[in-house]
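Here the structure comes first, spelled out in structure tokens, and everything after it is commentary.
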Amino acid sequence: MLKNPFTKNSLVNKYQSLINQINIFEDELKILTDSELRSKSFKLKKQYDAANSLDTVIAESFALTREASLRTLGLRHFDVQLLGGLVLNDKKIAEMKTGEGKTLVATLPASLNALTKKGVHIITVNDYLANRDQVSMGQIYRFLGLDTGLIQDGMSTSERKENYNADITYVTNYEVTFDFLRDNMALNISDVVLRPFNYCIIDEVDSILIDEAQTPLIISNNIPTPIEKYIVAAEISDYLELNSHYKVDEKNKNVILTEEGSKQIEKILRIQDLYDPRDPWIPYILNALKANALYFNNVHYIVQNNRIVIVDEFTGRIMPDRRWGDGLHQAIEAKEQLQIRQKTETVAAITYQNFFLLYPKLSGMTGTGKTAEIEFEKIYNLSVEEIPTARPTQRKDFPDLIYKDQFSKWNAIAQACNKISSTGQPILIGTTTVEKSEMLAQLLNEYKLSYQILNAKPENVRRESEIVAQAGKRGSITIATNMAGRGTDIILGGNINFKIQKKLYDILTLSKNYQIFKKENILESSIISQFEGSSQKFLSVLVSLLQDQKFLKLSDLDILRILRENDRISIPNISYQCSIRFLINELLSYNKKSQEQENLIVKNLGGLSIIGTERNDSRRVDNQLRGRCGRQGDPGTSRFFLSLDDNLLRLFGGPKIQNFMQTQIPDDSPLESEFITKSLDSAQERVEERAYQQRKNLFDYDDVLNKQRNIVYHERRQILESQSLQKNIFAYGEQIITELLLELREEKFSNKELITLVENLFGRNLILTQVRNLQSNINSFDLSELKLYLFNEFWLTYQSKIMELAVYGDGIIENLERSIILINTDRIWREHLQKMTLLREAVGWRGYGQRNPLYEYKQDAFYMFETREELLRHLVIYDLLRSSIL
Numbered sequence: 049m050l051k052n053p054f055t056k057n058s059l060v061n062k063y064q065s066l067i068n069q070i071n072i073f074e075d076e077l078k079i080l081t082d083s084e085l086r087s088k089s090f091k092l093k094k095q096y097d098a099a100n101s102l103d104t105v106i107a108e109s110f111a112l113t114r115e116a117s118l119r120t121l122g123l124r125h126f127d128v129q130l131l132g133g134l135v136l137n138d139k140k141i142a143e144m145k146t147g148e149g150k151t152l153v154a155t156l157p158a159s160l161n162a163l164t165k166k167g168v169h170i171i172t173v174n175d176y177l178a179n180r181d182q183v184s185m186g187q188i189y190r191f192l193g194l195d196t197g198l199i200q201d202g203m204s205t206s207e208r209k210e211n212y213n214a215d216i217t218y219v220t221n222y223e224v225t226f227d228f229l230r231d232n233m234a235l236n237i238s239d240v241v242l243r244p245f246n247y248c249i250i251d252e253v254d255s256i257l258i259d260e261a262q263t264p265l266i267i268s269n270n271i272p273t274p275i276e277k278y279i280v281a282a283e284i285s286d287y288l289e290l291n292s293h294y295k296v297d298e299k300n301k302n303v304i305l306t307e308e309g310s311k312q313i314e315k316i317l318r319i320q321d322l323y324d325p326r327d328p329w330i331p332y333i334l335n336a337l338k339a340n341a342l343y344f345n346n347v348h349y350i351v352q353n354n355r356i357v358i359v360d361e362f363t364g365r366i367m368p369d370r371r372w373g374d375g376l377h378q379a380i381e382a383k384e385q386l387q388i389r390q391k392t393e394t395v396a397a398i399t400y401q402n403f404f405l406l407y408p409k410l411s412g413m414t415g416t417g418k419t420a421e422i423e424f425e426k427i428y429n430l431s432v433e434e435i436p437t438a439r440p441t442q443r444k445d446f447p448d449l450i451y452k453d454q455f456s457k458w459n460a461i462a463q464a465c466n467k468i469s470s471t472g473q474p475i476l477i478g479t480t481t482v483e484k485s486e487m488l489a490q491l492l493n494e495y496k497l498s499y500q501i502l503n504a505k506p507e508n509v510r511r512e513s514e515i516v517a518q519a520g521k522r523g524s525i526t527i528a529t530n531m532a533g534r535g536t537d538i539i540l541g542g543n544i545n546f547k548i549q550k551k552l553y554d555i556l557t558l559s560k561n562y563q564i565f566k567k568e569n570i571l572e573s574s575i576i577s578q579f580e581g582s583s584q585k586f587l588s589v590l591v592s593l594l595q596d597q598k599f600l601k602l603s604d605l606d607i608l609r610i611l612r613e614n615d616r617i618s619i620p621n622i623s624y625q626c627s628i629r630f631l632i633n634e635l636l637s638y639n640k641k642s643q644e645q646e647n648l649i650v651k652n653l654g655g656l657s658i659i660g661t662e663r664n665d666s667r668r669v670d671n672q673l674r675g676r677c678g679r680q681g682d683p684g685t686s687r688f689f690l691s692l693d694d695n696l697l698r699l700f701g702g703p704k705i706q707n708f709m710q711t712q713i714p715d716d717s718p719l720e721s722e723f724i725t726k727s728l729d730s731a732q733e734r735v736e737e738r739a740y741q742q743r744k745n746l747f748d749y750d751d752v753l754n755k756q757r758n759i760v761y762h763e764r765r766q767i768l769e770s771q772s773l774q775k776n777i778f779a780y781g782e783q784i785i786t787e788l789l790l791e792l793r794e795e796k797f798s799n800k801e802l803i804t805l806v807e808n809l810f811g812r813n814l815i816l817t818q819v820r821n822l823q824s825n826i827n828s829f830d831l832s833e834l835k836l837y838l839f840n841e842f843w844l845t846y847q848s849k850i851m852e853l854a855v856y857g858d859g860i861i862e863n864l865e866r867s868i869i870l871i872n873t874d875r876i877w878r879e880h881l882q883k884m885t886l887l888r889e890a891v892g893w894r895g896y897g898q899r900n901p902l903y904e905y906k907q908d909a910f911y912m913f914e915t916r917e918e919l920l921r922h923l924v925i926y927d928l929l930r931s932s933i934l
């Protein structure tokens, strides 16, 4: 039974019998040998194949995975983790608090669904987590006879295909979505890397399906860009005055040009009309103003290697492959006086909403899902289940402290850090931007406090896992921009693994690089000073390792990778791996006692202290920061420091709040107010609702495009997989002729014009005397006779083209036909995407005429898509009958 005071609820009651069955199986599996356990796993596969249902093997599969985890990693799933795994298998979202072992929970449904041999995707938010989880959790899967795959940036097509074909594949949301888009642009089936989707588990599901679902993912090509217009617009923006020439709408991230501003710009440019469709200046001016007024360095982006790199507002990480659209990115480059890169046109696009709905079975994990439950249910049909913690939560969330202005607030934060750190209690400070994290660092310097800083700057990102791991060390102060998806647990007293890895790395690289191994006595004395108290066996293993020729050929980076276990080394039969494993285990054992003492000291000090420097737009982001302390029953505290001019209060607090704050708050003293706290909660809800409506609007419009995308991609895949396309070509030609004759019957053109159209299509003149009475009376003849004649002419033209190309070898015509159909399909789809973008902008204005923009969009999109097939047929036949091989 689940031993937890909070487990007497309907969720536990629903799954309790299954958990009991798993525990019964566990008792039976304990006595089996490793090989007997593996044979059990193969029997389960056969059992599934026979029944074709996972329901019959859930309990035994979960018990097997639990036992495999205990034998490989030394980690046994708690009953609440079994509960989380069952929720994931039921196509739901499991909300589990930070530190409750979500990564381990995912192994349960992953192993179960891998029995189908249809593939399981485990989605993470970054390459580091995908790599780490695949290496560590992969030990469980391999023990059970399952293979794992890992997708990383820079992999080749063949590597991607191999890894996607594994039973369980770890991949980021970014990589899998772009692989899907690229697959649907492939001209050869061998370039397709993904197989049909089956089951997907999303880690940090709210970050991916909500925060990152604000904008679609796009593959684009460069197009000619009027660089000089961006430069001129950036210079003009310096001569415009706020509120006089333009107004800024911070809530909607928009800029409105006034009439006076328009006249001023037209005067500077010496033009008559800013909005002239033949030479429009208005989009460049508006983007230049947005770049100046709404997008700031070290807040929304950083400058790295002379390029603008976007900072993700939810995770605090940089997004080097993302660019703002509609010319905004170029406007910011002009503002920062950097090289302006070319604009792009969309060739493929999809939203995360529609992409992840392609999975027949979808589930996710997060520490903060309940606040967004309505959106999960409405858009993804995913309900959120709160999983009880293994131990009761001891975190104390103190009321917010509200100050009159930014100066008072930041001073108070620095003073609080000084006071708390004097006791030795570790502190984690959450900031919202790079700029604010560095400003706080300067304040702490005045108090002569040492700290670690974690933001989007490259020099800090490289040490991310180490910084987070040691954030619980006694006396430490860590400043971080957002804490979602960091992936490393904050252990009170510090993370001993990182400490040992660093110590061992230093001595190994130092000894190897200076080749001290040649002087054995110096080497031993050097080691003894570094590892005083270590056993003689430890020292002898270390000395022998430093004399291993294979080890000495490794670079410092290779040594770091082995110690961190983040990369699989592709060298067979590595002799030194066992030695390194032994050294790490010896050091862990030796330092375990001091680690436990440090852990107890920090617990007695009150655990990790969380300080929030302002409320975020989303409650989930605030809760993610709070959730970094109080893991697995540890103590901890959290408090937010706010000021009257924080963005949330300033933009969404309302005039009553402003008046209340001005009259109630003294200059330097904070205020704890339930009224203000409720107002902040209400403001966050309004911002969340606003963001939800934007995502819902994006989803509704993209849903129209998605239906069309599914049709195009399905037809495209059929073409890609077909051995021969002659039936398609015959069908295209005959349908064109039939459509032309129907239009002739409706008198849309004359008989003579019809013959001209067909001759242009076939690329040769027709012998009209073969059609009875056609020459003598071109306006009066039998349509069925003409149809049969034109069919025969098309067949003969097509067969002669086949014979002409056949001399170049077998398969030439098949490949040519496939390429022509696919290239024209992509070309038409690309143009259709551009038209749909323009259509969406156009229908927005129809709302002023009391018409529903979405309905108008759907209607016009249908008519636009209807002409696609007809255009494809004409282009394919035209290109094919004129094709040649040079």
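Using this note's numbering, the first residue of the sequence shown is number 49, and each one after it goes up by one. All residues carry an ideal CB built from backbone N, CA and C; glycine is no exception. These numbers were taken from a predicted model, which means no experiment stands behind them.
- prompt: Does DSSP classify residue 295 as helix, strand or coil?
  reply: In this structure, residue 295 counts as strand in the three-state DSSP scheme.
field: Endpoints, the alpha helix (DSSP H) within which residue 303 is located
entry: Taken as a continuous stretch (DSSP letters only), residue 303 belongs to no alpha helix (DSSP H), being part of the beta strand (DSSP E) at 302–305.
- prompt: Hey, residue 117 and residue 155: beta-carbon distance below 9 Å or not?
  reply: Their beta carbons are under 9 Å apart, which means residue 117 touches residue 155 by this criterion.
message: Rounded to whole angstroms, what is the Cα-Cα separation between residue 376 and residue 314?
response: So the two alpha carbons sit approximately 21 Å from each other.
query: So what does DSSP say about residue 762, is it helix, strand or coil?
result: Residue 762 carries a helical assignment under DSSP once its states are collapsed to helix, strand and coil.
- request: In the DSSP assignment, find the unbroken alpha helix (DSSP H) run with residue 901 in it and report its ends.
  value: It spans 901–929 - the alpha helix (DSSP H) in which residue 901 sits, taken as one unbroken run.
task: Spell out a yes or no on whether the stretch 249–258 and the stretch 160–171 are touching, meaning 3 or more CB-CB pairs, one atom from each, closer than 8 Å.
output: Verdict: yes, contact present.
field: Under the three-state DSSP convention, the category residue 411 falls into
entry: Residue 411: strand per DSSP, three-state reduction.
- prompt: Over what stretch of residues does the beta strand (DSSP E) that includes residue 685 continue unbroken?
  reply: 683–691 is the extent of the beta strand (DSSP E) around residue 685.
task: State buried or exposed for residue 676, treating a residue as buried only when at least 16 other CB atoms are found within 10 Å of its CB.
output: It counts as buried.
- prompt: Are residue 692 and residue 450 close, meaning C-beta to C-beta below 9 Å?
  reply: A distance below 9 Å separates the beta carbons of residue 692 and residue 450.
query: Which residues in the same chain have their Cβ closer than 8 Å to the Cβ of residue 567, if we skip the five residues on either side of it in sequence?
result: At residue 567 the pLDDT is 48, less than 50, meaning the model places this residue with poor confidence and gives no usable figure here.
Contacting residues, own chain, Cβ-Cβ under 6 Å from residue 544 (five flanking each side not counted): Closer than 6 Å at Cβ, skipping near neighbours: 639 and 643.
field: Local conformation of residue 367 per DSSP, three classes
entry: Three-state result, residue 367: strand.
- prompt: Under a three-way DSSP split, which group does residue 100 fall into?
  reply: Of the three classes helix, strand and coil, the one that applies to residue 100 here is coil, per DSSP.
query: Are the stretch 102–116 and the stretch 381–390 touching by the rule of at least three beta carbon pairs closer than 8 Å?
result: Result no; under three Cβ-Cβ pairs closer than 8 Å.
Secondary structure of residue 933, DSSP reduced to three states: Note: residue 933 maps to coil in three-state DSSP.
- request: Measure the alpha-carbon distance for residue 359 versus residue 529 and round it to whole angstroms.
  value: Each residue's alpha carbon lies about 10 Å from the other.
- prompt: Hey, out of 890, 768, 911 and 841, whose CA is closest to residue 235's CA?
  reply: Residue 235 has its Cα closest to that of 768, out of 890, 768, 911 and 841.
- prompt: How far does the alpha helix (DSSP H) with residue 781 in it reach, from first residue to last?
  reply: Start and end: 774–793.
task: Determine, using beta carbons only, whether residue 219 and residue 232 come nearer to each other than 9 Å.
output: Contact: no.
- prompt: Buried or exposed: which applies to residue 729, given that a residue is buried once 16 or more other Cβ atoms fall within 10 Å of its Cβ?
  reply: Exposed.
Alpha-carbon spacing of residue 378 relative to residue 280, whole angstroms: One C-alpha to the other measures close to 12 Å.
- prompt: Where DSSP assigns a beta bridge to residue 349, which residues make up the other side?
  reply: In the DSSP output, where bridge partners are listed per residue, residue 349 has 345 and 358.
- prompt: How would you label residue 915, buried or exposed, when you count the other beta carbons within 10 angstroms and need 16 or more for buried?
  reply: Looking at its Cβ environment, which holds fewer than 16 other Cβ atoms inside 10 Å, residue 915 is exposed.
- prompt: Roughly how many angstroms separate the alpha carbons of residue 763 and residue 776, rounded to a whole number?
  reply: Roughly 11 Å separates the two Cα atoms.
- prompt: By how many angstroms is the C-alpha of residue 92 removed from the C-alpha of residue 101?
  reply: Distance between the alpha carbons of residue 101 and residue 92: 11 Å.
field: CA-to-CA distance, residue 62 to residue 125, given in whole angstroms
entry: Using only the alpha carbons, I get a separation of about 19 Å.
field: CB of residue 477 within 9 Å of CB of residue 526, strictly
entry: Result yes, Cβ atoms of residue 477 and residue 526 sit closer than 9 Å.
task: Kindly indicate which three-state DSSP category residue 166 falls into: helix, strand or coil?
output: Taken through DSSP and simplified to helix, strand or coil, residue 166 comes out as coil.
message: By the DSSP assignment, the beta strand (DSSP E) with residue 248 in it spans what residues?
response: First-last of the beta strand (DSSP E) with residue 248: 247–251.
Every unbroken alpha helix (DSSP H) within the stretch 71–145, with a cutoff of 4 residues, ordered by chain: Listed in chain order, the complete alpha helix (DSSP H) runs (minimum 4 residues) inside the stretch 71–145 are 82–99, 106–120 and 127–137.
field: Own chain partners of residue 305 with C-beta closer than 6 Å, once the 5 adjacent residues on each side are dropped
entry: Excluding its 5 nearest sequence neighbours in each direction, residue 305 has C-beta neighbours in its own chain below 6 Å: 294, listed in chain order.
query: Taking the alpha-carbon positions, what's the residue 97 to residue 104 distance?
result: When rounded, the distance between both Cα atoms is 11 Å.
- prompt: Under the three-state reduction of DSSP, which class applies to residue 837: helix, strand or coil?
  reply: In the structure shown, residue 837 sits in a helix (DSSP, three-state: H, G or I).
message: Considering only their Cβ atoms, is the gap separating residue 395 from residue 204 smaller than 9 Å?
response: No, the Cβ-Cβ distance between residue 204 and residue 395 is not below 9 Å.
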